[in-house]
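Chemist: I'd like to ask you about the structure that follows.
Number of protein chains: 6
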Amino acid sequence: MNNKYFKVSIENYIAEVSFNRPDKANSLNEDGWWELRSTFEALHENNEVRVIILTGEGKHFCAGMDLQVLMNLQQFSTDCEARKRERLRKFILDLQASISSMEQCRKPVLAAIQGSCIGGGVDIISACDMRYCTQDAKFSIREIDLGLVADMGTMQRLPTILNPGFMAELAYTGRNVSGKEAQQIGLVNRAYENREEMMENVRGIARTIAAKSPLVIRGTKEMLLYKRDNSVANSLDVMATWNAAMLMSRDIMEAFQSYMEKRPPVYKD
Amino acid sequence: MNNKYFKVSIENYIAEVSFNRPDKANSLNEDGWWELRSTFEALHENNEVRVIILTGEGKHFCAGMDLQVLMNLQQFSTDCEARKRERLRKFILDLQASISSMEQCRKPVLAAIQGSCIGGGVDIISACDMRYCTQDAKFSIREIDLGLVADMGTMQRLPTILNPGFMAELAYTGRNVSGKEAQQIGLVNRAYENREEMMENVRGIARTIAAKSPLVIRGTKEMLLYKRDNSVANSLDVMATWNAAMLMSRDIMEAFQSYMEKRPPVYKD
Amino acid sequence: MNNKYFKVSIENYIAEVSFNRPDKANSLNEDGWWELRSTFEALHENNEVRVIILTGEGKHFCAGMDLQVLMNLQQFSTDCEARKRERLRKFILDLQASISSMEQCRKPVLAAIQGSCIGGGVDIISACDMRYCTQDAKFSIREIDLGLVADMGTMQRLPTILNPGFMAELAYTGRNVSGKEAQQIGLVNRAYENREEMMENVRGIARTIAAKSPLVIRGTKEMLLYKRDNSVANSLDVMATWNAAMLMSRDIMEAFQSYMEKRPPVYKD
Amino acid sequence: MNNKYFKVSIENYIAEVSFNRPDKANSLNEDGWWELRSTFEALHENNEVRVIILTGEGKHFCAGMDLQVLMNLQQFSTDCEARKRERLRKFILDLQASISSMEQCRKPVLAAIQGSCIGGGVDIISACDMRYCTQDAKFSIREIDLGLVADMGTMQRLPTILNPGFMAELAYTGRNVSGKEAQQIGLVNRAYENREEMMENVRGIARTIAAKSPLVIRGTKEMLLYKRDNSVANSLDVMATWNAAMLMSRDIMEAFQSYMEKRPPVYKD
Amino acid sequence: MNNKYFKVSIENYIAEVSFNRPDKANSLNEDGWWELRSTFEALHENNEVRVIILTGEGKHFCAGMDLQVLMNLQQFSTDCEARKRERLRKFILDLQASISSMEQCRKPVLAAIQGSCIGGGVDIISACDMRYCTQDAKFSIREIDLGLVADMGTMQRLPTILNPGFMAELAYTGRNVSGKEAQQIGLVNRAYENREEMMENVRGIARTIAAKSPLVIRGTKEMLLYKRDNSVANSLDVMATWNAAMLMSRDIMEAFQSYMEKRPPVYKD
Amino acid sequence: MNNKYFKVSIENYIAEVSFNRPDKANSLNEDGWWELRSTFEALHENNEVRVIILTGEGKHFCAGMDLQVLMNLQQFSTDCEARKRERLRKFILDLQASISSMEQCRKPVLAAIQGSCIGGGVDIISACDMRYCTQDAKFSIREIDLGLVADMGTMQRLPTILNPGFMAELAYTGRNVSGKEAQQIGLVNRAYENREEMMENVRGIARTIAAKSPLVIRGTKEMLLYKRDNSVANSLDVMATWNAAMLMSRDIMEAFQSYMEKRPPVYKD
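Protein chains in written order, with this note's numbering: chain H, -12 to 256; chain Z, -12 to 256; chain Y, -12 to 256; chain F, -12 to 256; chain D, -12 to 256; chain U, -12 to 256.
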């Protein structure tokens, strides 16, 4: 992986992906968005990776969209208003697809958030499996102050995380949410004292996950995603078919055997 | 607007709508329900209004259905049992439509709740965008004690706000929920010391919203409503089409320009 | 009811059902699963029962699947891999149906959880209407450590109860959740000091529910279940049709009359 | 009813509604669209009407949108591109609502089509319950030749009537469909020799329907509409609740009694 | 199987089930409905059966509900109107479940229809996989003339078979449809000259199906049922998981081998 | 485009894509499937193409899956049964995606079918917008005779084209359907005398489509696809938003102007 806007390191089945444009508060320009996608599509395929931590270099997690991208919207202009909008629509769909690559990546993605996480940064963390932050983190659906509706997933995925009353308050006011409040309203699982403590804990969780059966982790992510948009009855049916195919595995054997032998299981993939 | 059961005042793009039958604990008789609808349909169209606060005159927010309405159910009697039920069904649909008018109103509705909010009052606040209350507020799905299932939205919208365990507990027992507990379980965004503090804060939030682009606020409400009942994938697709039409606006220009000129934006509508 | 793995007592319209295999930490073997279903199907029909408390004999609530069941999976082996999986699929569907019987039982089910509630125990409480526990309770989606995806409802129903960030954390790590944390993340409505306090309070809630109109309780459970998997608009429509049929009842009369006569209502069924 | 663009006559529980702008091939200008809605909303409420025939005065059924309406699109112009599109969107939604009023009208609507039925005329007949035509009728999704996607229902309702292969062919090519072909592909139930034969037969069907229980006809329309957009399982459940409320009627008694007495039933409403 | 209202014979993997109350035109009384269910639940489990033909003894296929059942509706009366309707609702759900047992039976069900197929008979054939008839067959949604909405599946399943225009015409008028018209509108796959020809052909189709892999037939029925109520995208996903479990079978081997050996395949189950 | 298994020619905005492995009856090996996808993804982007004809070189349209692909299934074997099935599932999803590329291609795809169209060939034509064939064409869901459930779309898309009775008959029996019957049951729009007549007519339809506004054609395909899997109400709402963005185009102007000037419109893209 030849990355420019993201730093990627892989060790012990854990990938750490960092926004790497600290001088711009880790905002993403157009190339950054496409790199986000290629990065997660590569991690999706990489057998050396079982869990991913997404964090930011420097003081901030991610300041969202580089305003230059918005300024470039005139690139879509043609002499036909409708075609301009067709192109704009395609551009938005492409940006959405970039973020959706994190959701379609079959490994859990843990966001570790320090400093600012605003605008597009919120779209991004909404597509992660779990979110953790520092107490001095600062979240904001800033798009309202840019004069536009956040269109890369915040309005679609954040309502599955937040109480609708808070979702509305944050979306309408664009106000800042501190790390502490983020924990209270369920935007993150936990707010830690400082970055060191956060990274230590998040890495600990990642290590725990990396030690589990990667087959089961993949099935779990798939089933949770399916449930999110389907009825309980349909999801139960799909679950039964899934395990008809995937239950009897080398890993279930290893789980039993290691338990008998009183040793930690070792899952090969 | 020639209102009888609601007091409406409009200033600085903020409408304050108050239940105005304090001697009856702001319960609603049949005419009150129809006025609720006409009031919100008018606010929906009124360009001078960008955000709405719903509150109650006097000690209580709203005691729900005036029992007289239930006593009048015999009005549906005919010599045909089925036609009686057809009429009853239409009456319930009409009451539901009255409350849904708040949801279909394209401006955010903030409920500011003091004192009792019971029965139909809960149906009503469930259809608001955000809910705030005083610590001495008292909520109750009282219908269970009237011998009927709440049928104007509580059973349909409150489950999108509350944890299902609490939803069930409140629906089955009809017990009182204090302002403090309401905050803990997410029924309201915040419980304030007293009415003054609540109104000051809610008006502050309303002012913040009124200062945003009304175009973006409308789009935000529309998209959140769409997401509530649709899959993430479908909602992302609709979002892209929406912004293909609505992104390039006078307001996005004003947002940029005011930012450059270091002045607050002024959005005309 | 001739029960072996569950103890059932019925008094004052309240059924107490206890896992009754304390020497095995109330884990369920195959017969136990089928008895769970027959028990709840009987309670569903029993007019002497208006509300159900599910708890465990001994130190623990339920340790989930008896490992013997997993060991017996070879029972599905045949000389055709596909047919083996067909049988396995049917077995999973049957286990799911066992748990779904609690959801389809038209009376509220309150789980009162002490000690361990792990693996299949979590699938079970996810299908209850409300959950209460002791502070020393311990929850865990243990399946991850058995090398399999929990397939009896945890992945389908728990996401309707928990914030998705916590859902993912618990599913991926299998870590223990204490009674106190369970309350914080909404897995239970309340964590009590100890078993006595819990049982006293849960029985109190059960008595409250048993004193309500059983007709209305049934309608409430039905409507909440319908809403869980349907849009608000569809659910409102169904609600109106429901009350067209069920609103005008003996119970609504009794509610009014008892209120007039200043006595508690007595609902016959 | 004070109609201008539609002629309405009511006799023997049958309403005949005719497009009444024959000099313009019964195309609809803006006022015509609003009158379509008010007409069907009135028929919805009118107890003297049990079934509706929609046909056209003069040579043609309906030539669709008066091009003047498209020419007036500049009425939506403002100095904000997004607001222009907001208004346009509202205008389209209003036109759609006009046609949906036929679907929401609780009486069966039978289209009797002679001559041209093009553009908006196809949107309209797609929302009728049944369609009949003369052999010289001519259908066309003409919007493709106006440079726009038909947006008042053709793309949404016609696919529920036609095979998708024909739907696509007609939508992409805008070609004419004769009365005979319309019958072959299921666009109409039957193509008759000429207008007299068609009207005689359609009036016969209308008389048959008018002689049935209006209560049952209403329930039938409601249930078919519900099924169109819902699963079989959900629709069966709703059906059971519906008949719980509506089965035991004066009409079921009359049906039995008239059968016993060997006379035609007489249903009062 | 100890049947009274149905005659069941099994030979060469083909079950023939016949309505067996010819003196009552094969109408079903209450016990008949419950026997329909028990019959199909038994066939569902019976490994000697791979395909089912449903037909009628005597002159008619099935005259639907025995009117005695409707006359017995007073059995639901109690002193509470709502409870009466609760019971009625349960009764309807039970009747529906009886018919749904044919759909849930994992073997194809072929209806072979002669003479009258009216009322409940139409509900029944709507739940079959395929329908064939004689030219003198006569179909009618007769419920409209009994003063009630058909509530056992006709309104839910027939719209997936018929064009909506014909569905509405038949449901509103209750008119007779001949075997020939039934073929033209797709209500049956084919109308045969007479009963002998029909049975010969339907048995031929049944023999063809009985000679196929029963595993694949089961999967096919399951997947078609899933698709009926789900989106294409979801159904494709479920299909892939299904075949992940079920593709690699003894039957696929036998198919190949028999092809190589130029002999008909023999599938054991 | 450097194609091996497909021949592609582009002229006058019409692309003709032909299966090009006539010596193998145009069956597709693994590389053929991937080329199908890359071909349609390229056509999706190619502005010189407005409509696509899919046909076959030689005597047959497409014999479906090259059996070699099935023989290669052992490639998925590993020492873990579950992982084998994970890989198989991914392989099926990839094959499905290959066919879905035709649906996602924003230009209409017309299948012109001669000779055999069996197995995978049916999956492919089910994803086309329209289907035409010769009278000697022969269709068959042959997978049943290979001992497997067709898993690339036939079971998911063909039920939206065929009456469920025929869908079941063809899927369960695998029998041949002639061109003539294909027309009768709606599998194709029309069956022509011979290949020359078919190609002449299909090219005529393609020319008609190529002369329309490509913007409107794209919108039409998008809206029909959206409707297929969504309710009428949701689809109407999406339609209104779509035209809010796309109605006011250069093409609507050209349509008007050319009409005024009595000349054919010329749409640039």
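Quick reminder that beta carbons are idealized off the backbone N, C-alpha and C, glycines included.
Just so we're clear, the structure is a prediction, and the values are computed from it rather than from any experiment.
Bridge partners for Arg177/Y per DSSP, in chain order?
Modeler: In the DSSP output, where bridge partners are listed per residue, Arg177/Y has Tyr119/Y.
Chemist: Just the Cα atoms here: how many angstroms apart are Glu73/F and Gln143/U?
Modeler: Cα to Cα, Glu73/F sits roughly 37 angstroms from Gln143/U.
Chemist: Does Leu135/Y come within less than 9 angstroms of chain D when only Cβ atoms are used?
Modeler: Closer than 9 angstroms: no.
Chemist: How far does the alpha helix (DSSP H) with Val109/Y in it extend, from its first residue to its last?
Modeler: Element bounds for Val109/Y: Gly107 to Ser113.
Chemist: With distance defined between alpha-carbon atoms, name the residue in Glu28/Z, Gly106/Z, Val38/Z and Arg250/Z nearest to Asn(-1)/Z.
Modeler: The shortest C-alpha separation from Asn(-1)/Z is found at Val38/Z.
Chemist: Anything in the region 64 to 90 of chain D with a Cβ closer than 9 angstroms to a Cβ of chain Y? List those residues in chain order, please.
Modeler: Those would be Thr65, Asp66, Cys67, Glu68, Ala69, Arg70, Arg72, Glu73, Leu75 and Arg76, in chain order.
Chemist: Does any CB atom of chain U fall closer than 9 angstroms to the CB of Asn(-10)/Z?
Modeler: Judged by the 9 angstroms Cβ criterion, Asn(-10)/Z is not in contact with chain U.
Chemist: Along the region 181 to 212 of chain D, where does the CB come closer than 8 angstroms to a CB of chain Y? Name the residues.
Modeler: Those residues of the region 181 to 212 of chain D that come within reach of chain Y (Cβ to Cβ, closer than 8 angstroms) are Leu202 and Arg205.
Chemist: Does the region 19 to 30 of chain Z come close enough to the region 212 to 227 of chain Z that 3 or more CB-CB pairs lie under 8 angstroms?
Modeler: Cβ pair count under 8 angstroms is below three, so no.
Chemist: DSSP puts Phe126/F in a beta bridge; with which residues?
Modeler: Bridge partners of Phe126/F: Cys104/F and Val164/F.
Chemist: Across which residues does DSSP place Lys(-6)/F in a beta bridge pair?
Modeler: According to DSSP, which records beta bridges pairwise, Lys(-6)/F is partnered with Ser5/F.
Chemist: Our contact map puts Ala242/Y next to Gly134/Z with C-beta atoms below 8 angstroms; I'd like the distance itself, whole angstroms only.
Modeler: Right, the Cβ-Cβ distance comes to about 3 angstroms (below 8 angstroms), so this counts as a contact.
Chemist: Going along chain H, which residues have a C-beta under 8 angstroms from Asp216/Y?
Modeler: The contacting residues are Ser218, Val219 and Ala220.
Chemist: Select from the region 96 to 119 of chain D all residues with a C-beta closer than 7 angstroms to any C-beta belonging to chain U, and list them in chain order.
Modeler: Listed in sequence order: Asp116, Met117 and Arg118.
Chemist: Using only the alpha-carbon positions, how far apart do Glu209/D and Asp116/D sit?
Modeler: Whole-angstrom Cα-Cα distance: 12 angstroms.
Chemist: Could you name the residues of the same chain whose beta carbon sits closer than 7 angstroms to that of Trp21/F, not counting the 5 residues immediately before and after it, in chain order?
Modeler: Counting only Cβ-Cβ distances below 7 angstroms, and skipping sequence neighbours, we find Ser85.
Chemist: Count the C-beta pairs between the region 138 to 153 of chain Y and the region 221 to 241 of chain Y that are closer than 8 angstroms, then say yes if the count reaches three, no if not.
Modeler: Touching, no.
Chemist: Might you give, ordered along the chain, the residues of its own chain that have their beta carbon closer than 8 angstroms to the beta carbon of Val36/F, omitting 5 neighbours on each side?
Modeler: The residues are Ile(-3), Tyr0, Ile1, Ala2, Leu30 and Lys94.
Chemist: In chain U, which residues lie with their C-beta within 8 angstroms of the C-beta of Thr228/Z?
Modeler: Near Thr228/Z (Cβ distances below 8 angstroms), the residues of chain U are Val225, Thr228, Trp229 and Ala232.
Chemist: Pick out whichever of Val(-5)/U, Lys125/U and Lys(-9)/U has its Cα sitting closest to the Cα of Leu41/U.
Modeler: For the residues Val(-5)/U, Lys125/U and Lys(-9)/U, the minimum Cα distance to Leu41/U belongs to Val(-5)/U.
Chemist: Suppose you measure from the CA of Asn163/Y to the CA of Gly152/Z; what does that come to, to the nearest Å?
Modeler: For Asn163/Y and Gly152/Z, the distance between alpha carbons rounds to 20 angstroms.
Chemist: Are the beta-carbon atoms belonging to Asn226/D and Ala69/Y less than 9 angstroms from one another?
Modeler: In the sequence as presented, Asn is not what sits at residue 226/D; that position holds Met. No.
Chemist: So with CB distances below 7 angstroms, who are the chain Y contacts of Met154/D?
Modeler: Result: empty, since nearest Cβ-Cβ is about 21 angstroms, beyond 7 angstroms.
Chemist: Show which residues of chain H have a CB atom less than 8 angstroms away from the CB atom of Leu60/Y.
Modeler: Ordered by position in chain H, the residues that pass the 8 angstroms Cβ test against Leu60/Y are Leu234 and Met235.
Chemist: Would you say Asn150/F reaches chain U, if we count a Cβ-Cβ gap shorter than 9 angstroms as a contact?
Modeler: It does; some Cβ of chain U falls within 9 angstroms.
Chemist: For the beta strand (DSSP E) that contains Phe147/F, what are its first and last residues?
Modeler: Note that residue 147/F corresponds to Thr in the displayed sequence, not to Phe. Element bounds for Thr147/F: n/a, residue is neither H nor E.
Chemist: What are the residues that DSSP puts in a beta bridge with Leu97/D?
Modeler: In DSSP, Leu97/D forms a bridge with Ile40/D and Met117/D.
Chemist: Measure the beta-carbon distance from Asn16/H to Asp53/H and round it to whole angstroms, keeping in mind my assumption that it falls under 8 angstroms.
Modeler: Confirmed, about 4 angstroms.
Chemist: Quick one: what's got a C-beta closer than 7 angstroms to Ala279/F's C-beta in the same chain, skipping five residues either side?
Modeler: Any property of residue 279/F remains undetermined from this structure, which presents chain F solely from -12 to 256.
Chemist: Here's the rule I'm using: 16 or more other beta-carbon atoms within 10 Å means buried, otherwise exposed. How should Met139/D be labelled?
Modeler: It is buried - the Cβ of Met139/D has at least 16 other Cβ atoms within 10 Å.
Chemist: If distances are taken between C-alpha atoms only, which option among Phe48/U, Glu183/U and Glu168/U comes closest to Arg177/D?
Modeler: Nearest C-alpha to Arg177/D: Glu168/U.
Chemist: Pull up the DSSP beta-bridge partners for Leu15/H, would you.
Modeler: Met52/H, per the DSSP bridge assignment.
Chemist: Do you know offhand how far Thr121/F's Cα is from Asn181/U's?
Modeler: Cα to Cα, the separation comes out at about 33 angstroms.
Chemist: Counting only C-beta atoms, is Ile239/Z closer than 9 angstroms to chain H at any point?
Modeler: True, the Cβ-Cβ gap to chain H drops below 9 angstroms.
Chemist: Using a C-beta cutoff of 9 angstroms, does Gln55/Y count as contacting chain H?
Modeler: Cβ-Cβ to chain H under 9 angstroms: no for Gln55/Y.
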